[in-house]
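The numbers in the numbering used here rise by one with no breaks, and the one at position 111 of the sequence shown is 130.
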Amino acid sequence: MKIAIAGCGYVGLSIGTLLCARHDISFVDISQSRIEQLKSFVSPIRDPEIERVFADRPHFLATTDPSIGYSAARLIFICVPTDYSEEAGKFDTSKIESALEAIDRVNQDAVICIKSTVPIGYTRTLATKYPGHTVLFSPEFLREGKALEDNRNPSRIVVGHGKAEETAKKVADLLKENACTSPTVLICDYEEAESIKLFSNTYLAMRIAFFNELDTYAKTKGFDANTIIKGVSLDPRIGDFYNHPSFGYGGYCLPKDTKQLLSSYGDIPADLISATIESNKDRKRFILRKAKELAKGKKVAIDRLISKPGSDNYRQSPAVEILEALVEQDYDVYLYEPLVNEALFHGAKVIKDYEEFKELDALKLRPLLNEIGW
Ligand SMILES: NC(=O)c1ccc[n+]([C@@H]2O[C@H](COP(=O)([O-])OP(=O)(O)OC[C@H]3O[C@@H](n4cnc5c(N)ncnc54)[C@H](O)[C@@H]3O)[C@@H](O)[C@H]2O)c1
20 MKIAIAGCGY VGLSIGTLLC ARHDISFVDI SQSRIEQLKS FVSPIRDPEI
70 ERVFADRPHF LATTDPSIGY SAARLIFICV PTDYSEEAGK FDTSKIESAL
120 EAIDRVNQDA VICIKSTVPI GYTRTLATKY PGHTVLFSPE FLREGKALED
170 NRNPSRIVVG HGKAEETAKK VADLLKENAC TSPTVLICDY EEAESIKLFS
220 NTYLAMRIAF FNELDTYAKT KGFDANTIIK GVSLDPRIGD FYNHPSFGYG
270 GYCLPKDTKQ LLSSYGDIPA DLISATIESN KDRKRFILRK AKELAKGKKV
320 AIDRLISKPG SDNYRQSPAV EILEALVEQD YDVYLYEPLV NEALFHGAKV
370 IKDYEEFKEL DALKLRPLLN EIGW
């Protein structure tokens, strides 16, 4: 089948790479440099599985031109960013709308499957605006750095539809036929599928906030957080996973998806989501306060901005906020982060050589290990 992908980031690239073994894939992006990389079989994101597939130079088309990329496609996945707009108090969905306008100019009857995370109720509005297209919403649950691996082993496949159950089932089958496992498939209404995505990410954020609060308590009282976490997590209802304290949850999705879900509540009574968002702010304030307490001579050195080992970006990293606050309060801040090329990052001096960084006589913050000083 001819399938097009609008937006070649973590989501689009992994779905297109998953499907290109059996289908005719066109990658479309507004970024010329991304498309040039794809044409040379270079993955624009760091993902070992995608890099492995690209090494065999698979067959696909990559273009910035919608008329080349979209016109012959029967199915188009939209995988463009949906950043949270603080001014509007909801996701900025304009990139989905501009992708859909570009699609509709050259192809009026392709099935559209939105993979971007959207506000609850959004897909139905879009479907009403484009009656010629069957519009579906299928939430994406991948982890960055393991995007293709997660698409090969999905935890579940969810497809939301308006009145197109059969088409939704076909898209689910397509995603399932390329998976290594046999995941549970859930075909449901648009709003249920949209809710599944936002509630899943909010639960993950809440769990991170919980273990961070546990760690804040332990650090303040001088208890060993790891022992407490181990004891708590041995209860099978809680489980010994996803329980590592950090400097706060970050990354592209959790900060924005929690805010979007909270805004969807409107005046429906709820406390946990806003408490999770506040708890994450408290955690960053606690780390900052501790760093200031322990820093001798106002010198602080930050070892990596990334939130997960192996990550290729530091989007919404709590370490960046802590770095900025320290710089603003006239601390002498040093940074070791191979992903940063500049000599100065938000006022912090970037040290390229790790040996030189280790020798610095400064308080060391290691966000990846949840360490303040070592
Ligand atoms: N990153 C994740 O782990 C993840 C997981 C699940 C869901 N999501 C959701 O998926 C969506 C995409 O996230 P991502 O991390 O893949 O984004 P990304 O920033 O990695 O990639 C988005 C790509 O879309 C391109 N783009 C922007 N506007 C476009 C347009 N009009 N037409 C074509 N291409 C366009 C950009 O140039 C970029 O290459 C977001 O809604 C996000 O919330 C992300």
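All residues carry an ideal CB built from backbone N, CA and C; glycine is no exception. Given the structure is predicted, the values throughout are model-derived calculations rather than measurements.
query	result
Assigned secondary structure, V47 (DSSP; H/G/I helix, E/B strand, else coil)	strand
Extent of the continuous beta strand (DSSP E) to which K318 belongs	318-322
Close-in-space but distant-in-sequence residues of the same chain around K114 (CB under 6 Å, 5 per side omitted)	V99, P100
Short Cβ contact (9 Å threshold) for Y89 with A121	yes
Any non-hydrogen atom of ligand 1 within 8 Å of Y271 CB	yes
Short Cβ contact (9 Å threshold) for D331 with I64	yes
Reduced DSSP category for L161 - H, G, I as helix; E, B as strand; rest coil	coil
G269 beta carbon less than 9 Å from that of S326	yes
Collapsed DSSP secondary structure at T235 in the structure displayed	helix
Closer than 8 Å: S50 CB and nearest ligand 1 heavy atom	yes
When F96, R171, P138 are compared against I69, the one with the closest alpha-carbon	R171
Nearest-angstrom beta carbon gap, I306 and I391 [assumed within contact, 8 Å]	7 Å
Contact under 9 Å by Cβ, H180 with F230	no
Inter-residue CB distance, A92 and I34 (contact presumed, cutoff 8 Å)	Not really, about 13 Å apart at Cβ, beyond 8 Å.
Beta-carbon contacts of V5 that lie in its chain and below 7 Å, excluding the five residues immediately before and after	In this structure the chain extends from 20 to 393, so residue 5 is not present and cannot be described.
I34, enclosing alpha helix (DSSP H) - first and last residue	29-38
Contained alpha helix (DSSP H) runs [length at least 4] in the stretch 117-190, N- to C-terminal order	141-148, 166-171
S219, DSSP secondary structure in three states	helix
Heavy atom of ligand 1 within 8 Å of A129 beta-carbon	no
Contact the stretch 70-79 vs the stretch 102-118: 3+ CB pairs below 8 Å	no
Rounded Cβ spacing between V190 and L155 (contact assumed at less than 8 Å)	6 Å
F160 CB to nearest heavy atom of ligand 1 below 8 Å	yes
Option in L161, L37, T82 with minimal Cα separation from C199	L37
Residue from D286, P337, K182, R323 with nearest C-alpha to Y373	R323
K309 versus T235, D169, S282, I296, residue with shortest Cα-Cα distance	T235
T136 CB to nearest heavy atom of ligand 2 below 8 Å	Only ligand 1 can be found as ligands here, which leaves ligand 2 out of the picture.
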